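Those letters in the sequence shown? Residues 523 to 784, per this note's numbering, in order. Have a look at the structure below, then the notes.
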Amino acid sequence: MILRRVKPALRPLVLCCSGHDPTGGAGIHADIEAVAANGAHALSLITAHTVQDTQDVVRAVPVAPILLASQIETLLADSAISAIKIGLLGEAAQIAVLVDAIRKTGVPTVLDPILRAGGGTNLASSALQASVQNDLLTHITVLTPNAAEARRLTRRESLDDCGKALLDAGVKHVLITGGDEPGERVINHWYTADAPVKRFEWPRLSANFHGAGCTLAAAIAARLACDQAIESALEQAQRYTHESLARAFRTGKGRLIPGRIA
């Protein structure tokens, strides 16, 4: 038997760990599309299976940590990962598995801390939230909470206070998005140590979206995997997300799904 030499990947690889959204608007489906659109290839791990539509999440069932650990071990033995993106987590026990993967790879890691569905359903138990705060944040390169998630994680009201508290928790870069805040423009705040806060402003689109946060975090991870500098990666990923939302389309009775593929 003749063994053929495997060619190196033409695109950097992003390990995406997210829930499965049957609508295709958010979760692992969003990750795969956004990562591909930003120049990388997604390796996908499902952390939770959900029952949901474009209006809300009805149920989320976590994937067993032992299965995630086996999947990660197999992937890392076969492929060179350039970045990790983490979205919805199924349960607190999964975090130790993901922290182990971050330590083994040493690559930039982006966390979209999904605590509540857009329709209002709580998606993070007190145990899961505590483990995110105590065990995961210190390993995160870029954290992308919306304003409500930032306040819930820190119990602070001012976004500047939230940003400082999250940096103090060990996160290297915090991008607090303002899509859930009032105002004619969406203002996103970037916090990092030893630098003044930077604000990115975007025109507010007159619609509600399903999967915007997943799209942004995955796009950032892809651009970091492509070795893009952090400020450029954040700005270009936001621009891509805004353009995706401008192309959003309807698949159900609820929120619009981003048009991630131009």
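Note that beta-carbon positions come from the ideal geometry of N, C-alpha and C, so glycine has one too. If you're wondering where the values come from, they're calculated on a predicted model, not measured in any experiment.
If we ignore side chains and look at the alpha-carbon of each, how far apart do residue i and residue j end up?
| i | j | result |
| --- | --- | --- |
| residue 568 | residue 637 | 17 Å |
| residue 745 | residue 698 | 18 Å |
| residue 614 | residue 588 | 13 Å |
| residue 649 | residue 581 | 18 Å |
| residue 782 | residue 715 | 32 Å |
| residue 726 | residue 733 | 16 Å |
| residue 523 | residue 542 | For residue 523, the predicted structure reports a pLDDT of 46, less than 50, and the residue's modelled location is therefore unreliable. A value from the coordinates is still provided. Each residue's alpha carbon lies about 39 Å from the other. |
| residue 658 | residue 713 | 18 Å |
| residue 766 | residue 547 | 12 Å |
| residue 570 | residue 668 | 21 Å |
| residue 695 | residue 754 | 13 Å |
For residue i, is the classification buried or exposed, using 16 other Cβ atoms within 10 angstroms of its Cβ as the cut-off for buried?
| i | result |
| --- | --- |
| residue 550 | buried |
| residue 540 | buried |
| residue 710 | buried |
| residue 779 | buried |
| residue 656 | exposed |
| residue 771 | exposed |
| residue 552 | buried |
| residue 544 | exposed |
Bridge partners of residue i, per DSSP?
| i | result |
| --- | --- |
| residue 723 | 709 |
| residue 661 | Note: residue 661 sits in no beta bridge, so no partner. |
| residue 764 | Answer is none; residue 764 lacks a bridge partner. |
| residue 567 | 539 |
| residue 779 | 771 |
| residue 583 | 571 |
| residue 668 | 699 |
Residue i lies in the beta strand (DSSP E); which residues open and close that run?
| i | result |
| --- | --- |
| residue 607 | 603 to 608 |
| residue 654 | No beta strand (DSSP E) holds residue 654; DSSP gives it neither H nor E. |
| residue 697 | 695 to 698 |
| residue 633 | 631 to 633 |
Could you pull the start and end residues of the alpha helix (DSSP H) that residue i belongs to?
| i | result |
| --- | --- |
| residue 685 | 681 to 690 |
Touch test, the stretch 617 to 625 against the stretch 583 to 602, Cβ-Cβ under 8 Å, three pairs minimum: yes
Stretch-stretch touch, CB-based, cutoff 8 Å, three pairs: the stretch 739 to 756 with the stretch 702 to 709: no
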